[in-house]
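Enquirer:
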Amino acid sequence: MAEEKSSRNFIQEIIDEHNRSGRFGRKVHTRFPPEPNGYLHIGHAKSICLNHGLAVEYGGQFNLRFDDTNPEKEEQEYVNSIIEDVRWLGAKWQGLRDDDPQAGVIWSSNYFQQMYDWAVELIRKGKAYVCDLSGEEVSRTRGTLTRPGTASPYRDRSVEENLDLFERMRKGEFPDGSKTLRAKIDMNSPNFNLRDPIMYRIMHETHHNTGDKWCIYPMYDWAHGFEDSIEGITHSICTLEFENHRPLYDWFINTVNEGRTDDGSGPWGRKIHHPQQIEFARLNLTYTVMSKRLLLQLVKEGHVQGWDDPRMPTISGFRRRGYTPEAIQNFCRDIGVAKFNSVIEMVRLENAIRDHLNQIAQRRMVVMDPLKVVITNYPADQVEEMEAVNNPEDASAGTRRVPFSREIYIERDDFMENPPKKYFRLAPGAEVRLRYAYFVKCTDVVKDPATGEIKEIHATFDPATRGGNNPPDGRKVKGTIHWVSAAHARPIDVRLYDHLFNKENPMEIPVGGSFLNNMNPNSLTLVNALAEPALADAKMGERFQFERQGYFCVDRDSTAQRLVCNRTVTLKDTWSKIEAQTPLIIKGG
RNA sequence: UGGGGUAUGGUGUAACGGUAGCACGACUGACUCUGGAUCAGUUAGUCUAGGUUCGAAUCCUAGUACCCCAGCCA
Numbered sequence: 324m325a326e327e328k329s330s331r332n333f334i335q336e337i338i339d340e341h342n343r344s345g346r347f348g349r350k351v352h353t354r355f356p357p358e359p360n361g362y363l364h365i366g367h368a369k370s371i372c373l374n375h376g377l378a379v380e381y382g383g384q385f386n387l388r389f390d391d392t393n394p395e396k397e398e399q400e401y402v403n404s405i406i407e408d409v410r411w412l413g414a415k416w417q418g419l420r421d422d423d424p425q426a427g428v429i430w431s432s433n434y435f436q437q438m439y440d441w442a443v444e445l446i447r448k449g450k451a452y453v454c455d456l457s458g459e460e461v462s463r464t465r466g467t468l469t470r471p472g473t474a475s476p477y478r479d480r481s482v483e484e485n486l487d488l489f490e491r492m493r494k495g496e497f498p499d500g501s502k503t504l505r506a507k508i509d510m511n512s513p514n515f516n517l518r519d520p521i522m523y524r525i526m527h528e529t530h531h532n533t534g535d536k537w538c539i540y541p542m543y544d545w546a547h548g549f550e551d552s553i554e555g556i557t558h559s560i561c562t563l564e565f566e567n568h569r570p571l572y573d574w575f576i577n578t579v580n581e582g583r584t585d586d587g588s589g590p591w592g593r594k595i596h597h598p599q600q601i602e603f604a605r606l607n608l609t610y611t612v613m614s615k616r617l618l619l620q621l622v623k624e625g626h627v628q629g630w631d632d633p634r635m636p637t638i639s640g641f642r643r644r645g646y647t648p649e650a651i652q653n654f655c656r657d658i659g660v661a662k663f664n665s666v667i668e669m670v671r672l673e674n675a676i677r678d679h680l681n682q683i684a685q686r687r688m689v690v691m692d693p694l695k696v697v698i699t700n701y702p703a704d705q706v707e708e709m710e711a712v713n714n715p716e717d718a719s720a721g722t723r724r725v726p727f728s729r730e731i732y733i734e735r736d737d738f739m740e741n742p743p744k745k746y747f748r749l750a751p752g753a754e755v756r757l758r759y760a761y762f763v764k765c766t767d768v769v770k771d772p773a774t775g776e777i778k779e780i781h782a783t784f785d786p787a788t789r790g791g792n793n794p795p796d797g798r799k800v801k802g803t804i805h806w807v808s809a810a811h812a813r814p815i816d817v818r819l820y821d822h823l824f825n826k827e828n829p830m831e832i833p834v835g836g837s838f839l840n841n842m843n844p845n846s847l848t849l850v851n852a853l854a855e856p857a858l859a860d861a862k863m864g865e866r867f868q869f870e871r872q873g874y875f876c877v878d879r880d881s882t883a884q885r886l887v888c889n890r891t892v893t894l895k896d897t898w899s900k901i902e903a904q905t906p907l908i909i910k911g912g
């Protein structure tokens with residue numbers, strides 16, 4: 324097989340090296356470890372696709388594990404949405420089953436006992452102590468960027484006392500915040516994470532999974548490495564901000580491994596698995612924000628209609644907008660992965676969904692802003708069923724019938740009384756093709772005498788062009804426009820979505836302002852449109868291309884009486900570019 | 001001002017001392033019953049300054065810019 328040498332990203336190179344050296348026995352086991360404190364966004368999709376993709380590529384395994392170590396912030400609603408989103412994206416974790424959404428899902432909280440035991444082991448090894456300092460005192464004694472911290476007065480408690488106190492912390496003898504368990508590392512370290520970090524805090528809080536069993540909860544830094552270790556994760560892939568935590572992550576595992584041996588003959592038994600943490604740059608996209616905090620604010624303050632508002636960069640938002648998992652996967656693959664803090668242009672994502680929908684979406688004709696056209700030489704009582712191709716990119720999608728009659732609607736934009744050069748659509752005396760129907764020529768413009776507003780257009784059709792075909796005389800037209808038969812048109816609701824923010828970087832904020840100042844007031848436009856009858860039986864979630872306009876998805880707000888369609892993305896529009904340039908030329912001249 | 005990272009066309013991403021390539025965008029043109037799609041072409045880049053070398057994006061030295069770290073968040 325002639326195999327093309329595909330370029331490798333830095334993570335693949337690291338894994339390849341591990342496989343060469345045999346560090347993990349040529350195994351690859353990755354995971355996606357979300358905290359259930361918000362909805363997943365497109366940045367998480369990058370991580371999911373990366374982790375899952377590596378597992379697939381190397382024939383390894385992939386876990387979905389909830390990092391549920393902080394009961395104060397975590398909720399079941401988020402758990403459910405995250406599971407749904409990861410499934411929808413197509414990532415398959417160990418133990419995934421169709422009949423039970425939670426099958427195979429792992430919880431950090433299941434390891435609480437094991438983590439507790441290791442904490443006791445660290446105390447016994449003299450590497451951890453119970454500290455009575457308040458939060459404020461801890462932060463004051465931690466030092467600054469340039470000054471080392473100072474040791475806690477409780478740093479040198481005896482092993483026995485620490486053991487006793489820690490046990491009583493667990494039993495619930497002390498109030499929240501009164502004590503912590505801290506690792507005894509180095510108050511002089513230039514890395515703050517090593518200045519005696521807190522391992523456990525007291526939190527009398529009911530946990531969504533373990534209930535009231537625990538009133539001490541492990542900190543992320545203490546817990547995370549062990550979660551990976553227990554599961555045999557080989558490559559703990561995370562974002563850049565955890566780079567400074569890697570020495571701590573390694574310290575915890577190495578410290579547990581002190582006095583342990585590979586064969587289990589050491590005083591503390593067998594060594595535990597030590598994963599390799601690898602950090603990559605999180606995804607940033609233009610015209611949106613990606614922080615959970617800000618997304619939560621948009622939802623809570625009602626700037627959008629929920630986490631799955633189609634303008635949100637959440638996975639559920641994109642799903643409702645009409646995005647496909649394939650498009651998101653392709654996007655995540657195409658943007659690559661590196662350590663450089665980059666900002667991806669939104670058009671990359673839009674391009675990915677156009678690409679996929681162009682292949683799979685059936686076409687329909689929908690008029691957003693109707694202008695009546697009367698075809699004066701067409702019989703008043705006649706209706707013809709025109710055959711229309713459902714998808715020119717996919718012959719197997721077949722054809723459908725579209726009714727044609729004397730009175731039709733076209734897009735108001737598709738007529739101009741005084742057209743500029745290069746305008747190919749309808750104008751007085753001009754001829755265009757009605758897609759799949761006939762050539763028509765504009766003969767009259769009927770206006771409201773009072774306002775001058777164009778009320779309707781009169782036109783004549785050429786019977787020799789039936790089906791939209793070129794006539795035998797060889798005549799051609801440059802423009803083809805969409806239409807719906809007036810008598811057969813079905814009203815539908817359409818939601819036109821645009822960027823949520825009108826600045827590439829919404830966090831570029833004027834002094835005293837907020838990112839909310841950068842919200843696009845026109846991110847949603849509601850339209851009453853007229854659709855061809857074939858759209859009437861569209862099902863929820865079904866995706867279509869409305870010819871010449873864009874891709875649309877049937878929203879769950881649809882009723883039997885009225886369809887609601889969300890615009891996923893527009894079609895590329897070169898005319899708008901020409902149009903935008905034209906006035907400049909006039910001005911310049 | 002301590003520590004940890006990162007710098008390649010407009011935007012991303014390759015190159016592992018040997019012709020700076022690819023994708024997206026932008027711009028031309030061809031084709032077209034969607035001003036869509038498709039096809040062809042053009043455009044444009046190694047953070048700076050020195051050094052090593054026959055040869056440097058890559059190695060060395062010194063700078064510059066940006067990101068992360070002082071939660072009992074993750």
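In terms of our numbering, the first sequence opens at residue 324 and continues consecutively. No residue lacks a Cβ here, since even glycine has one placed at the ideal position from N, Cα and C. Note that the coordinates shown come from a computational prediction; the quantities given were computed from them, not determined experimentally.
May I have the straight-line CA-CA distance separating residue 587 from residue 581, to the nearest angstrom?
Expert: Going by the C-alpha atoms only, they are around 12 Å apart.
Enquirer: Are the CB atoms of residue 759 and residue 797 nearer to each other than 9 Å?
Expert: Not in contact: residue 759 and residue 797 (Cβ atoms no closer than 9 Å).
Enquirer: On a Cα-Cα basis, can you pick out the residue from 607, 784, 331 and 544 that is closest to residue 370?
Expert: When each option's Cα is compared against that of residue 370, the closest is 607.
Enquirer: If I'm right that residue 794 touches residue 803 with Cβ under 8 Å, what's the distance once you round it to whole angstroms?
Expert: Incorrect: roughly 14 Å between the Cβ atoms, too far for contact.
Enquirer: CB-CB under 8 Å to residue 717, same chain, minus the five flanking residues each way: which ones, in chain order?
Expert: Only 682 and 683 meet the Cβ criterion.
Enquirer: So residue 863 and residue 885 are supposed to be a Cβ contact under 8 Å. How far apart are they, rounded?
Expert: Contact flag wrong, Cβ pair sits at about 13 Å.
Enquirer: Near residue 411, what residues of its chain come up, given a Cβ to Cβ distance below 8 Å and the 5 sequence neighbours on each side ignored?
Expert: Within the same chain, residue 411 has close Cβ partners 638, 642 and 648.
Enquirer: Under 8 Å Cβ to Cβ from residue 850, same chain only, skipping five residues before and after it: list those, please.
Expert: Within the same chain, residue 850 has close Cβ partners 691, 692, 816, 817, 818 and 819.
Enquirer: Mind pulling the beta strand (DSSP E) runs of 3 or more residues that sit fully within the stretch 757 to 822?
Expert: Fully enclosed beta strand (DSSP E) runs of 3 or longer: 762 to 770, 777 to 785, 806 to 808 and 813 to 820.
Enquirer: Just to confirm my understanding: we take residue 332, look at its own chain, exclude 5 residues before and 5 after, and list those with CB closer than 8 Å. What are they?
Expert: 659, 660 and 661.
Enquirer: Which ranges does the beta strand (DSSP E) cover as unbroken runs of at least 3 residues, wholly within the stretch 583 to 612, from first to last along the chain?
Expert: Correct list: 599 to 603.
Enquirer: I'd like the span of the beta strand (DSSP E) that includes residue 695, first residue to last.
Expert: 693 to 698 is the span of the beta strand (DSSP E), which, as asked, contains residue 695.
Enquirer: Where DSSP assigns a beta bridge to residue 685, which residues make up the other side?
Expert: Partner(s): 867.
Enquirer: Going by DSSP, name the residue or residues bridged to residue 451.
Expert: According to DSSP, which records beta bridges pairwise, residue 451 is partnered with 506.
Enquirer: Report the residue from 504, 492 and 483 whose alpha carbon sits nearest the alpha carbon of residue 453.
Expert: Among 504, 492 and 483, the Cα nearest to that of residue 453 belongs to 504.
Enquirer: Thinking C-alpha only, which one of 431, 421, 627 and 757 is nearest residue 737?
Expert: The residue with the shortest Cα to Cα distance from residue 737 is 757.
Enquirer: In angstroms with no decimal places, state the Cα-to-Cα distance between residue 695 and residue 376.
Expert: Cα-Cα distance, rounded: 52 Å.
Enquirer: For residue 435, tell me which candidate among 812, 733, 859 and 541 has the shortest Cα-Cα distance.
Expert: Closest by alpha carbon: 541.
Enquirer: Tell me, which residues are paired with residue 559 by DSSP?
Expert: DSSP, once it has assigned bridges, lists 600 as partnering residue 559.
Enquirer: Which class does residue 893 belong to by DSSP, given the choice of helix, strand or coil?
Expert: Residue 893 falls in the strand class under three-state DSSP.
Enquirer: Contact defined as beta carbons within less than 8 Å: I believe residue 359 pairs with residue 407. What is the distance between those atoms, to the nearest angstrom?
Expert: Rounded, the Cβ-Cβ distance is 12 Å, inconsistent with contact.
Enquirer: My output table needs one value for residue 576: the three-state DSSP class, helix, strand or coil.
Expert: If DSSP states are grouped into helix, strand and coil, residue 576 belongs with the helices.
Enquirer: How should residue 882 be labelled, buried or exposed, when 16 other C-beta atoms within 10 angstroms of its C-beta is the threshold for buried?
Expert: That one is exposed.
Enquirer: Would you grab the beta carbon distance between residue 636 and residue 367 for me? Rounded to a whole angstrom, and I think it's under 8 Å.
Expert: Actually they are not in contact, since the Cβ atoms of residue 636 and residue 367 sit about 10 Å apart, beyond 8 Å.
Enquirer: Restricting to Cα atoms, I'd like to know which of 583, 559, 372 and 373 is closest to residue 445.
Expert: Cα-wise, what sits closest to residue 445 is 583.
Enquirer: Measuring alpha carbon to alpha carbon, tell me which residue in 450, 378 and 800 is nearest residue 557.
Expert: Taking only the C-alpha atoms, the option nearest residue 557 is 378.
Enquirer: Could you give the distance in angstroms between the alpha-carbon of residue 722 and the alpha-carbon of residue 856?
Expert: Taking the straight line from one Cα to the other gives about 14 Å.
Enquirer: So residue 541 is in the alpha helix (DSSP H); what residue range does that whole segment cover?
Expert: It is not in any alpha helix (DSSP H) - residue 541 instead sits in the beta strand (DSSP E) that spans 539 to 541.
Enquirer: Less than 8 Å between the CB atoms is what I'm expecting for residue 589 and residue 352, so what's the real figure, rounded?
Expert: About 25 Å separates the two Cβ atoms, so there is no contact after all.
Enquirer: Taking residue 702 as the reference, give the member of 840, 602, 727 and 751 with the closest Cα.
Expert: The shortest C-alpha separation from residue 702 is found at 727.
Enquirer: According to the Cβ coordinates, are residue 447 and residue 482 closer than 9 Å?
Expert: Yes, these two residues count as a Cβ contact at 9 Å.
Enquirer: Expressed to the nearest angstrom, what Euclidean distance is found between the alpha-carbon atoms of residue 579 and residue 521?
Expert: About 16 Å.
Enquirer: Are the beta-carbon atoms of residue 891 and residue 539 separated by less than 9 Å?
Expert: No; because the gap between Cβ atoms is not below 9 Å, this pair is not in contact.
Enquirer: Nearest CA to the CA of residue 477: which residue from 471, 467 and 450?
Expert: Nearest C-alpha to residue 477: 450.
Enquirer: Kindly indicate the opening and closing residues of the beta strand (DSSP E) around residue 388.
Expert: Element bounds for residue 388: 384 to 389.
Enquirer: Taking the straight line between their C-alpha atoms, what separation do you get for residue 731 and residue 755?
Expert: Between residue 731 and residue 755, the C-alpha separation is close to 14 Å.
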